[in-house]
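Heads up, the thing below is written out as structure tokens.
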Amino acid sequence: MRPLVLLLGLGLALAHQPFWNPGSPRLEAAYPIARPTVAQVVMGRLAPGEIHFFRLEVPQGFTLDMALFVGGACPEAFRPRLWLLGPGLRGEVPPFPLPEGYGARAYQGGWREYRGHGLVARKGPEARERLPGGVHYLAVEAGATGGYYLLSLAGEEVPGGSPEGFAAIPRFNRCGES
34 MRPLVLLLGL GLALAHQPFW NPGSPRLEAA YPIARPTVAQ VVMGRLAPGE IHFFRLEVPQ
94 GFTLDMALFV GGACPEAFRP RLWLLGPGLR GEVPPFPLPE GYGARAYQGG WREYRGHGLV
154 ARKGPEARER LPGGVHYLAV EAGATGGYYL LSLAGEEVPG GSPEGFAAIP RFNRCGES
């Protein structure tokens, strides 16, 4: 089984570094995106109504290119919403508190079948935003149905990732442990 996991992960690894987020349900404990200029995917599992937060610090004028995917075997009703939180942003009011001076923008919809880079998935909202320098947050909000998600961040293609990230790819595709 281990060689199969490595082979499945190889296609994705050549494009984006895979990581696993074991859970980050509070803004204060957001999952750190340590190298936002490097192409990476962060996978996780959301229970119904749960939110995972991510923290990234970027230079002035940084272009954040992001997309949200769900496992192909996840329920059709699992269509999480992607949020960008940052200083001076204008848009929607999120269902969670924001830091002082921060605004929020929501991205949702656009779900379609996706096959590539070792993934069997549905691809949802995508966005490309030019950001002011500083700390920004992303949030993935499950809604009424839970499942496995993948947050894709474009950037420089550099080999890497974590063992947990590689091991999560088959679980993501199956939307479960078995």
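Everything in the sequence shown is counted per my numbering, starting at 34 for the first residue and increasing by one. Glycine included, every Cβ here is placed at the ideal spot set by N, Cα and C.
- Y170 and L79 have their alpha carbons spaced roughly 17 Å apart.
- Collapsing the DSSP output to three states places R123 in coil.
- Listed as beta-bridge partners of F52 by DSSP are V75.
- In the DSSP assignment, F205 falls within the alpha helix (DSSP H) that extends over P196 to R207.
- The Cβ atoms of P120 and G166 lie no closer than 7 Å to each other.
- Between G105 and G180 a beta carbon distance of about 10 Å is seen, past the 8 Å cut, so the two are scored as non-contacting.
- Taking C-beta separations shorter than 7 Å and ignoring five residues to either side along the sequence, the partners of A187 in its chain run A72 and D98, following chain order.
- By DSSP's assignment, P58 forms no beta bridge with any residue.
- In the three-state reduction of the DSSP assignment, P128 falls in the coil class.
- The DSSP-derived three-state label of H150 is coil.
- Per the C-alpha coordinates, the member of E83, R59, L184 and G193 positioned closest to F205 is L184.
- V191 counts as exposed, since fewer than 16 other C-beta atoms from the protein chains shown sit within 10 angstroms of its C-beta.
- For E109, there is no enclosing beta strand (DSSP E), as DSSP marks it with neither H nor E.
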